[in-house]
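Trainee:
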Amino acid sequence: MAAVRLRAGRVGLRGALTATTAAGALGRLTHGGRVVCLSKGAFGFGDCVRHLLTVSGSADVLLTTWAIGAKEIAAFRALVTDGAIRTLRLLVDASFVQRQPAYTASLRASFGPDCVRLATCHAKLATLVNAQWAFVVLSSANLNENKRLEVFSVEDNRRLATALATTLDGWFASPADWDVSRAEHARRFDAWGEPTPKAAIVAADDAQGGVEARVRPMAPAMAGDAAFFSDDPWGVDLRRVGISFTR
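Quick note: the sequence shown uses our numbering, first residue 1472, plus one each step.
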């Protein structure tokens, strides 16, 4: 792990790609500080966010990603259950529903349809905000295991965290639309940010607002999800640990 630390005009570099954990790579985090890391895949985006929650304590979390894997869905559900995440908002690329219908069902069952929004999204970022910290994570990595060269930028920056949340708030001000076509998602994305009545996305009032991350039973959240919750020992069941879905 190569790490660059930036604070008060000073830059420090550790060039070895040897750290195996997010904690080891990021080192001691300071208020107002920033760390930029290169990773060979020893840890991922989710590992980074989980480590930051151990530093910040319980926080409001905003995540955007192109994809999220089964292990990360389970890991973030555990963080909700433990109270480490007090509110959660997750923005995922709209193609995820068609690419990974089982994982989509798992997302809805784990967090509820209102915690998740779909958009034309390739950004990988997170904000973790409470009274003490306002972490911003910018990364090339999705929320899944990926043994490739990745970059992480982590900083404590409340103004940036608020600006990012405010920019993305519009997606969460509108109800979740799970059955919208790809073409409609593309149209909404094109309209996003336009100062004209055609914009289908409206601005939210509370920049730090999130959907309360309640502990939910693992059960189908929508009618189409029932196919992935079978009590048959030979059926497809998301509640079983260690199963991968490719359909």
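No residue lacks a Cβ here, since even glycine has one placed at the ideal position from N, Cα and C. As the structure is a computational prediction, the values presented were derived from the model and not from experiment.
Please identify the residue among Asp1650, Ala1654 and His1656 whose C-alpha is closest to the C-alpha of Asp1696.
Mentor: The residue with the shortest Cα to Cα distance from Asp1696 is Asp1650.
Trainee: Looking at Ala1647 and Val1587, is the spacing between their C-beta atoms short of 8 Å?
Mentor: Cβ atoms of Val1587 and Ala1647: closer than 8 Å.
Trainee: Can you grab the Cα-Cα spacing for the pair Leu1614 / Ala1597, in whole Å?
Mentor: Taking the straight line joining both Cα atoms gives about 11 Å.
Trainee: Just verifying my parser: in three-state terms, what is the DSSP assignment at Cys1592?
Mentor: Residue state, collapsed to three classes: coil.
Trainee: Expressed to the nearest angstrom, what Euclidean distance is found between the alpha-carbon atoms of Glu1543 and Arg1505?
Mentor: Answer to the nearest angstrom: the Cα atoms are 25 Å apart.
Trainee: Just grab the DSSP bridge partners of Ala1597 for me.
Mentor: Answer by DSSP bridge pairing, in chain order: Leu1534 and Val1608.
Trainee: How is Leu1561 classed by DSSP in three states: helix, strand or coil?
Mentor: Here Leu1561 sits in strand by DSSP.
Trainee: Would you mind stating whether Leu1533 and Arg1560 have Cβ atoms separated by less than 8 Å?
Mentor: Yes. Within cutoff.
Trainee: Please tell me whether Leu1620 and Ala1530 are closer than 8 Å, where the distance is taken between their beta carbons.
Mentor: Contact: no.
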